[in-house]
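The structure under discussion appears below in the form of structure tokens.
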Amino acid sequence: MPVFMFSIYFSSEEFALNESENSSHPGHRASVKMASTGVNTSTRRRVYVVGVGMTKFEKPGRRDDFDYPQMAKEAATKAMQDAGVSFEQIEQACVGYVYGDSTCGQRAVYELGLTGIPVFNVNNACASGSTALMTAKQFIQGGLANCVLALGFEKMSRGSLKQTYHDRTNPMEKHVMVVANTFGVEKAPMAAQMFGNAGREHMEKYGTQPIHFAKIALKNHKHSTNNPYSQFQDEYTLEQIMNSPKIHDPLTKLQCCPTSDGSGAAILASEDFVRSHGLENQAIEIVAMEMATDLPSAFNDNSCIKAVGYDMTAKAADRAFKNAGLSRDDVNVVELHDCFSCNELITYEALGLCPPGKGPELIDSGNNTYGGKYVINPSGGLISKGHPLGATGLAQCAELCWQLRGMADKRQVSNVKVALQHNIGLGGAVVVALYKKGFQSRIQAFATSASTEDKFQSAAIFKEIKSNLDKDGASWVKKMKGVFCFKVKSNDGTEGVWVVDAKNGSGSVKFGVEPKGDVTIIMKDDDMLNLMLGKLNPQQAFFQGKLKIQGNMGLAMKLREFQSAAGKSKL
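Converting from the sequence shown to my numbering requires adding 130 to each position, the first position being numbered 1.
Laid out in structure tokens, this is it:
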């Protein structure tokens, strides 16, 4: 059974994951037997992600106003706005972090409100964020709650991770002994040694070359250029990556993830909650989520590949695919724990995305990026997006939900149906999850235009409205008291749908969703822009047929408030 560790994080060597060849998925030697959980899965309720949010990941200390309560508030508020729920509707909170005192979770959640809900602090090394997510999922799955906040954050120190305590047993001592017994312990950061040595082992066993690891970093840095949340958004050549400072052979600096400050959040809900709040159009179902911990092979086989989590990853992945009734071929997009480039390659094999030893072929074929079989780490991954330990698992969840909802903008993978998540912490724990659209029949028709928001001139208007709601949503809700649906047609006939909710919580603005509101406004793109900027008279537009209104005409009269806000902006 999965073990949740609600304890103080210990050592610097908690960077994350990979390979153990003894797994039961196709292409692996079936020496690891799947243990039965003994749980009657037929009684489990379905669980959906209905809102996600995150901060931009930052270099530690870069922002003066970025202590963990502030970053957590930003991420959680975005998630609640995305879901259209208020904090008063959240029944429990599960909070993952590594560095901090025992009730940092409460202090972070108190920024959202003081409703007395239970707050569970979760520490599972680099898998803390996904462990918080899994804990929240189990509360809903077991019928203990209908709406739960999963939150993760980290405020880190600059430089490589350091051991925190020196007066007690290091939880990594068994893992470090494997390093000592194989390649020996050197002066490099221990996490880089462990994963770098796993890469060396793969090279010795399968003939993998250093360029294969460098190609992974090349891909992830390139992907990050389209991610505004990424700590780094720079593209490099293969030569620049391979010639950057050596950290531990074969790893160079540009193949290692940085330390980061940041937060991520997700709102999870039951099916009843989704239906009663009209959230079907954005609900993403967690169809399987499994955690595994170290197996005897991690310490007994003198394999660095196994010591960094290969076998437990394979075990969790096998369970997840089996419980979901899906195959690896069903997966379109993957967010996996690339703390080091070596780990990404090994994880391809541990997850069963390719047979053991075939990771280099997956890379050389281009089947790990756009245009290939899988798009792996479209966010830029840990290497480029950053790695605030407690936030990483929730940032992965956010990216995959955006992909499934068609809202990943320039990162959007085409025709996404199934998404795979992998988050690992040495010491050890790994979480593997599968996601798919929760109510495909309802959202399919509205997802087609979701990735094309930037083609509309009037998109700037709705961004300005969202900015006003973010600043003072409660006042806007009190003043407007309605949900406004805008159907906008571009010059090429493409329809974009914005729903401005100025009725619930602190308000929200959503694009590419079901066209449902108290009043619907239909206009051409350029007419909408001119109307909201005060360049087109509403009455004239109405009588000329440029403005069509369906529903509550009284609410339509309140458009002048949005119009005024847009007119006063710098647009």
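Even for Gly, the Cβ is constructed at its ideal location relative to N, Cα and C.
Which residue's Cα is closest to the Cα of residue i: the options?
| i | options | result |
| --- | --- | --- |
| H280 | N350, A209, G326 | According to the sequence shown, residue 280 is Ala rather than His. Minimum Cα distance to A280 is reached at A209. |
| T261 | A396, R192, D656, M658 | A396 |
| K352 | V404, S509, D539 | S509 |
| R97 | F569, V643, A202, L689 | Nothing can be reported for residue 97: it is not among the residues displayed for the chain, which extend from 131 to 701. |
| E284 | K267, F269, Q363, N251 | N251 |
| A213 | D655, N621, C531, Y478 | C531 |
| M683 | F614, E644, K676 | F614 |
| K376 | P340, N356, P358, N357 | P340 |
| V182 | L534, R174, T299, P301 | L534 |
| L483 | V464, Y500, E365 | V464 |
| K593 | T624, G623, W628 | W628 |
| F187 | A521, Q669, K646, N497 | A521 |
| S390 | Q200, L519, D648 | L519 |
| I274 | I247, D297, V649 | It is worth fixing the name first, because residue 274 is Leu in this sequence and not Ile. Checked all of I247, D297, V649; the closest Cα to L274 is I247. |
| S544 | K203, G501, D600 | G501 |
| F451 | N498, L550, E479, G496 | L550 |
| T299 | A257, K678, G557, A671 | G557 |
| D468 | D622, D448, N498, D460 | N498 |
Per DSSP, what kind of secondary structure is residue i in: helix, strand or coil?
| i | result |
| --- | --- |
| L689 | helix |
| I679 | strand |
| F196 | coil |
| E529 | helix |
| M372 | helix |
| L564 | strand |
| L534 | helix |
| A671 | helix |
| N276 | coil |
| G684 | helix |
| K547 | coil |
| H155 | Residue confidence is low: H155 scores 44 on pLDDT, short of 50, so the model does not pin down where it sits. Its coordinate-derived value is still stated next. Looking at H155 - three-state DSSP - the assignment turns out to be coil, as it is neither helix nor strand. |
| T338 | coil |
| L263 | helix |
Sorted by chain position, which residues of the same chain lie with C-beta nearer than 7 Å to residue i's C-beta, five sequence neighbours on each side aside?
| i | result |
| --- | --- |
| A347 | I371, L384, Q385, S471, I513 |
| T245 | F217, E218 |
| M264 | M419, M421, V561 |
| K304 | F429 |
| N170 | The pLDDT assigned to N170 is 46, lower than 50, so where the model puts this residue is not dependable; a value taken from the coordinates is nonetheless given after this. Within the same chain, N170 has no close Cβ partners at all. |
| N311 | N432 |
Within the same chain, show all residues whose beta-carbon is closer than 6 Å to that of residue i, passing over the 5 residues directly before and after it, in chain order.
| i | result |
| --- | --- |
| L381 | A322, G326, F470 |
| A399 | Y178, V180, C277 |
| L242 | A206, F217 |
| Q693 | M662 |
| V417 | A454, L564, K566 |
| I493 | H342, K345 |
| G487 | Y336 |
| G603 | S636, G637 |
| K540 | N356 |
| S588 | V618, D655, M658, L659 |
| M610 | A632, K688 |
| K640 | V629 |
| E691 | none |
| F616 | W628, I651 |
Can you give me the Cβ contacts of residue i inside the same chain, cut-off strictly under 8 Å, excluding the 5 residues immediately before and after it?
| i | result |
| --- | --- |
| V607 | A632, K633, N634, G635, S636, G637 |
| N373 | T382 |
| P388 | K189, Q361, F362, G516, H517 |
| L475 | G329, H332, T338, H342, F343, I346, G489, P490, I493 |
| A318 | G326, I377, H378 |
| Y198 | Y227, G230, C234, R237, A238, F283, E284, K285, S393 |
| S605 | none |
| E316 | Q323, H378 |
How close, in whole Å, do the beta carbons of residue i and residue j come, if the pair is a contact with beta carbons under 8 Å?
| i | j | result |
| --- | --- | --- |
| M537 | G642 | 6 Å |
| V249 | G235 | 5 Å |
| I350 | N507 | Rather than Ile, the amino acid found at residue 350 in this sequence is Asn. N350 to N507, Cβ: 5 Å. Contact. |
| R175 | Q271 | 5 Å |
| D584 | S620 | With 8 Å as the limit, D584 and S620 do not qualify as a contact, their Cβ atoms being about 11 Å apart. |
| A255 | G511 | With 8 Å as the limit, A255 and G511 do not qualify as a contact, their Cβ atoms being about 18 Å apart. |
| L466 | H552 | 4 Å |
| V546 | N462 | 5 Å |
With respect to 7 Å, is the separation between the Cβ of residue i and the closest non-hydrogen atom of the ligand NAP below this value?
| i | result |
| --- | --- |
| A280 | With respect to small molecules bound, the structure shown includes none, and the ligand NAP cannot be examined in it. |
Can you check the region 439 to 513 for any beta strand (DSSP E) of at least 3 residues that lies completely inside it and give the ranges in chain order?
-> Within the region 439 to 513, the complete beta strand (DSSP E) runs of at least 3 residues are 463 to 465.
Ignoring anything shorter than 4 residues or poking outside the region 216 to 261, list the alpha helix (DSSP H) runs there in chain order.
-> List check, alpha helix (DSSP H) in window: 234 to 239.
Where are the beta strand (DSSP E) runs, 3 residues long or more, that stay fully inside the region 284 to 331, in chain order?
-> If you keep only unbroken beta strand (DSSP E) runs of at least 3 residues inside the region 284 to 331, you get nothing at all.
Continuous alpha helix (DSSP H) assignments of at least 4 residues falling wholly in the region 384 to 417 = Here the runs fully enclosed are 401 to 406.
Minimum length 4: unbroken alpha helix (DSSP H) runs contained in the region 566 to 646 | Those alpha helix (DSSP H) runs which fall completely within the region 566 to 646 and span 4+ residues are 570 to 577, 589 to 610.
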